[in-house]
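In full-length UniProt numbering, the protein residues as written are 1 to 320. Idealized CB from N, CA, C, for every residue including glycine.
Written out as structure tokens, the structure reads:
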């Protein structure tokens with residue numbers, strides 16, 4: 001059994017991680033750390049887990065095999081400075097602290113569809129961001145084939161849980177319900193890792209990604225639409241995508257248009273490509289808390305420990 005500790009265990013991503021891991025056949029949850037809820041029952045924060053005999057506690061880093069860091073951006077690096085982790089303990093960080101090469105150290109970028117073999121041998125993994133996952137999986141086949149256009153327009157809409165658990169004016173029900181709003185236009189924090197990941201596939205291509213993020217009025221799920229011009233025909237583009245994702249269990253090509261309910265509450269990314277004249281549209285959909293965060297983190301854990309990649313991730317979509 002893999003002994004697991006979670007730091008920052010009171011937030012949305014940690015809650016999803018707990019829900020997955022309590023049913024994982026190869027995992028024992030040892031420590032759920034929360035500075036603000038130490039000693040409290042986990043069900044007092046994650047209200048659907050009131051049936052679990054779990055409490056928030058301190059971490060014993062000598063008594064675990066893997067540490068998940070589910071902390072706010074900038075806090076993971078501080079936590080590791082204050083709490084030296086034994087060399088025998090693997091780390092999976094869900095913040096942005098180690099995603100970029102300039103700050104990564106020995107952290108491997110945890111997009112399995114790109115770095116599966118490197119993740120298998122890694123001790124430290126930086127989990128990708130949610131928008132980054134959806135956009136990269138939508139454009140990665142083009143980048144790997146050297147066909148990523150110089151300019152790509154990306155429109156992405158995300159659910160309220162993407163903003164985290166702490167209430168803000170923008171996540172308040174009266175603002176979010178029956179409303180749409182753009183934010184961080186052309187300057188979203190995930191753009192740096194997206195550009196670095198895609199450019200790493202073809203150094204001659206530095207794609208200009210014009211990204212417009214949108215706050216949706218739903219709780220969870222991301223839909224990304226990427227638009228660009230191409231001289232390739234649709235069958236060639238679709239074949240390229242199918243070849244890129246062959247053997248990757250959680251990224252699925254669809255001949256029909258895709259939508260959020262197909263993937264919410266799952267670790268899947270569904271991708272659809274369509275074309276009219278020279279205009280190409282690539283749509284990708286994920287659950288921001290699962291394939292965009294905790295589900296992908298468990299997928300990475302499975303790879304790091306030599307388990308079946310899909311272990312513990314047989315999750316059902318909330319289709320109705």
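Closest Cα partner of residue i within the set the options
| i | options | result |
| --- | --- | --- |
| residue 255 | 267, 290, 274, 264 | 274 |
| residue 316 | 280, 292, 261 | 261 |
| residue 131 | 25, 123, 159, 121 | 159 |
| residue 15 | 265, 246, 105 | 265 |
| residue 268 | 292, 66, 277, 77 | 292 |
| residue 304 | 121, 277, 214, 211 | 121 |
| residue 323 | 17, 23, 102, 87 | The displayed coordinates of the chain run from 1 to 320. Any statement about residue 323 would go beyond what the structure contains. |
| residue 194 | 99, 278, 230 | 99 |
| residue 318 | 287, 196, 302 | 287 |
| residue 341 | 26, 33, 19 | Here the chain has residues from 1 to 320 only, and residue 341 is not among them. |
| residue 290 | 235, 161, 201 | 161 |
| residue 154 | 295, 89, 85, 187 | 187 |
| residue 308 | 241, 79, 26 | 26 |
Close Cβ partners of residue i (< 6 Å) along its chain, the five nearest in sequence each way excluded
| i | result |
| --- | --- |
| residue 310 | 249 |
| residue 118 | 108 |
| residue 283 | 225, 258, 272 |
| residue 218 | 159 |
| residue 90 | 66, 123, 304 |
| residue 278 | 229 |
Three-state secondary structure assigned by DSSP to residue i
| i | result |
| --- | --- |
| residue 304 | helix |
| residue 158 | strand |
| residue 60 | coil |
| residue 197 | helix |
| residue 186 | coil |
| residue 238 | helix |
| residue 251 | strand |
| residue 232 | coil |
| residue 220 | coil |
| residue 141 | helix |
| residue 318 | coil |
| residue 124 | strand |
| residue 207 | coil |
Cβ distance (whole Å) where residue i is taken to contact residue j below 8 Å
| i | j | result |
| --- | --- | --- |
| residue 143 | residue 198 | 4 Å |
| residue 21 | residue 4 | 6 Å |
| residue 126 | residue 110 | 6 Å |
| residue 97 | residue 77 | 4 Å |
| residue 92 | residue 66 | 7 Å |
| residue 94 | residue 69 | 6 Å |
| residue 312 | residue 24 | 3 Å |
Close-in-space but distant-in-sequence residues of the same chain around residue i (CB under 7 Å, 5 per side omitted)
| i | result |
| --- | --- |
| residue 138 | 224, 226, 271, 282, 284 |
| residue 63 | 3, 30 |
| residue 245 | 113, 251, 253 |
| residue 189 | 96 |
| residue 191 | 209, 211 |
Sequence-distant residues of the same chain with beta carbon closer than 8 Å to residue i, five excluded per side
| i | result |
| --- | --- |
| residue 183 | 170, 213, 214, 215 |
Open item on the list: As an exercise, report each continuous alpha helix (DSSP H) stretch of at least 4 residues that is fully enclosed by the stretch 256-285, in chain order.
Closed with: DSSP runs (the alpha helix (DSSP H)) wholly in the stretch 256-285: none.
TODO: At 3 residues or longer, and completely inside the UniProt domain "Semialdehyde dehydrogenase NAD-binding" (3-122): list those beta strand (DSSP E) runs for me, N to C.
DONE: Taken in chain order, the complete beta strand (DSSP E) segments of 3 or more residues contained in the UniProt domain "Semialdehyde dehydrogenase NAD-binding" (3-122) are 27-33, 66-69, 90-93.
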